[in-house]
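K.L.:
To start, I am sharing the structure in question, which I have written as structure tokens.
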């Protein structure tokens with residue numbers, strides 16, 4: 025859904041060239057590219073079977089948990 029497009033959980037690291045080539049491809053296509061990424065964060069996204077609002081929310085919660093453990097931000101705990 026468009027309302028999830030710019031959510032933190034929907035973002036990942038990807039080489040600019042690969043990102044342009046993928047464009048608006050579906051998750052199944054992107055997942056294959058993500059699995060080959062040099063970035064662990066992006067590889068983790070490829071572990072999801074599908075990309076729905078629910079899986080995006082799960083991933084976003086995981087990212088927030090990682091952020092709080094790295095930066096020790098009390099407001100996010």
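In the numbering used here, the protein residues as written are 25 to 101. Positions of the beta carbon are idealized from the N, C-alpha and C atoms, including for glycine.
1. Under 8 Å by Cβ, that's how I've got residue 75 and residue 58 pegged, so tell me the actual separation to the nearest angstrom.
2. Straight-line CA distance for residue 72 to residue 83?
3. Output the boundary residues of the alpha helix (DSSP H) element that contains residue 90.
4. Going along the chain, which residues of its own chain have a beta-carbon closer than 8 Å to the beta-carbon of residue 80, five neighbours each way excluded?
5. Nearest-angstrom Cα distance between residue 49 and residue 90?
P.N.:
Reading off the structure:
1. About 10 Å; that fails the 8 Å criterion.
2. 9 Å
3. 77 to 95
4. 28, 31, 33, 34
5. 28 Å
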